[in-house]
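Residue numbers (the working numbering): 57 to 218.
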């Protein structure tokens, strides 16, 4: 390859980064629009309840512009190939937790999330990580529900022991 071809190939726009820049721009506009549509807070002060959301909106807007320039120049490093299996394990664990939280309770549902996340990171077989996750989640439930008097969903395991 000649030097010109290498430079052209290196300077191709990074379409994934451009998509991220577009997402940052959308978030910036949504924050600004939401802040503006909620009406003015205390108008007598220079810094009021709308100041910080506008600062965040301007920061996201600036980041989106910066990302566009960097993506257009192709300055982002080469990304590694993404593995879909760990993502599916984590998303599946989150879905299982959301679906089982009321029926099975906090300990069992969160224990399954723990096991799925451990599997996604390549740690331990499920027959070992599920009980470990349930025990750790039960300890968290006891600390929050009994110690701090916060409301977490109780299932059969929590009712059996308390």
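Ideal placement from N, C-alpha and C gives every residue a C-beta, glycine not left out.
Out of the options, state which residue places its alpha-carbon closest to the alpha-carbon of residue i.
i: residue 151; options: 169, 138 and 142; result: 169
i: residue 89; options: 79, 113 and 108; result: 113
i: residue 87; options: 107, 123, 69 and 153; result: 107
i: residue 122; options: 185, 73 and 85; result: 73
i: residue 217; options: 191, 206, 134 and 104; result: 191
i: residue 177; options: 140, 129 and 110; result: 140
i: residue 85; options: 120, 196 and 197; result: 120
i: residue 128; options: 136, 75 and 164; result: 75
i: residue 186; options: 153, 200 and 110; result: 153
i: residue 149; options: 132, 164, 138 and 173; result: 173
i: residue 133; options: 71, 203, 143 and 206; result: 71
i: residue 83; options: 103, 116 and 137; result: 116
For the putative contact between residue i and residue j, defined by C-beta atoms under 8 Å, what is the C-beta separation to the nearest angstrom?
i: residue 167; j: residue 193; result: 5 Å
i: residue 124; j: residue 77; result: 5 Å
i: residue 175; j: residue 145; result: 5 Å
i: residue 69; j: residue 130; result: 7 Å
i: residue 155; j: residue 209; result: About 12 Å separates the two Cβ atoms, so there is no contact after all.
i: residue 213; j: residue 161; result: 6 Å
i: residue 201; j: residue 189; result: The pair is not a contact, with the Cβ atoms about 17 Å apart (cut-off 8 Å).
Kindly indicate the opening and closing residues of the alpha helix (DSSP H) around residue i.
i: residue 191; result: 182-197
i: residue 141; result: 140-160
i: residue 212; result: 212-217
Is residue i close to chain C? Criterion is C-beta to C-beta, closer than 8 Å.
i: residue 72; result: Considering every chain present, this structure includes no chain C. It has just one protein chain.
**OP:** List in chain order: all unbroken alpha helix (DSSP H) runs of 4+ residues lying wholly within the region 66-112.
**Re:** Uninterrupted alpha helix (DSSP H) stretches at least 4 residues long and entirely within the region 66-112 occur at 71-93, given in chain order.
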